[in-house]
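Student: Structure provided below as structure tokens; questions to follow.
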Amino acid sequence: MFSLMMGMFMGSAGIAMNAMGPDVADQHEVLFGTRREGLFAAGNAFANKAASAGGTLVAGLLLGFIALPKHADGKLSASDVPEGSLHLLGLVYGPGAALFSLAAVFIILKYRIDREAHARNIAALNSRRLAAQTAA
18 MFSLMMGMFM GSAGIAMNAM GPDVADQHEV LFGTRREGLF AAGNAFANKA
68 ASAGGTLVAG LLLGFIALPK HADGKLSASD VPEGSLHLLG LVYGPGAALF
118 SLAAVFIILK YRIDREAHAR NIAALNSRRL AAQTAA
């Protein structure tokens with residue numbers, strides 16, 4: 018059940034993040050008069066790569082910190098792991114991961130393009146393009 022819900026939320030988040038890109042490009046054009054879709058796409062690709070690399074780094078550091086046995090060869094059971102390490106692993110996997118999710122929520126709350134702002138941006142861009150066509 019957890020995996021199903023996680024998949025639904027992650028899928029929704031991925032769709033929402035990709036749908037925000039064009040709106041941000043429109044907002045940038047309204048503010049600065051230039052389109053920068055490529056720059057935003059490059060920034061998104063870099064952020065994904067940095068998150069992947071950073072996640073691997075943090076996971077490795079945390080596994081070292083909680084002192085899991087290193088040479089388990091896939092035959093490790095919970096009874097082979099010190100109790101303190103199991104508690105730390107539970108903290109890292111549960112509340113620790115939730116902190117990263119909360120950080121993402123706080124960051125996304127800064128996104129200020131709603132339906133009205135989007136409609137204003139589109140209207141401003143359309144009138145700007147119409148004025149440019151009329152002048153030419």
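Under our numbering, the first residue of the sequence shown is numbered 18, with each subsequent residue one higher. Here a beta-carbon is modelled for each residue, glycine too, at the ideal position from N, C-alpha and C.
1. Between Val98 and Leu85, how many whole angstroms is the CB-CB distance? I'm expecting something under 8 Å.
2. One question on the structure: do Ser102 and Ile83 come within less than 7 Å of each other, judged by their Cβ atoms?
3. Name the two residues that bound the continuous alpha helix (DSSP H) containing Ala84.
4. Can you check whether the CB of Val47 is closer than 7 Å to the CB of Ala138?
5. Kindly indicate which residue of Phe63, Met34 and Asp40 has the alpha-carbon position closest to the one of Arg53.
Tutor: Working from what's here:
1. Sure, about 6 Å apart at Cβ, within 8 Å.
2. yes
3. Element bounds for Ala84: n/a, residue is neither H nor E.
4. The question names Ala, but residue 138 in the sequence shown is Asn. Yes, they are a contact pair.
5. Answer by Cα proximity: Asp40.
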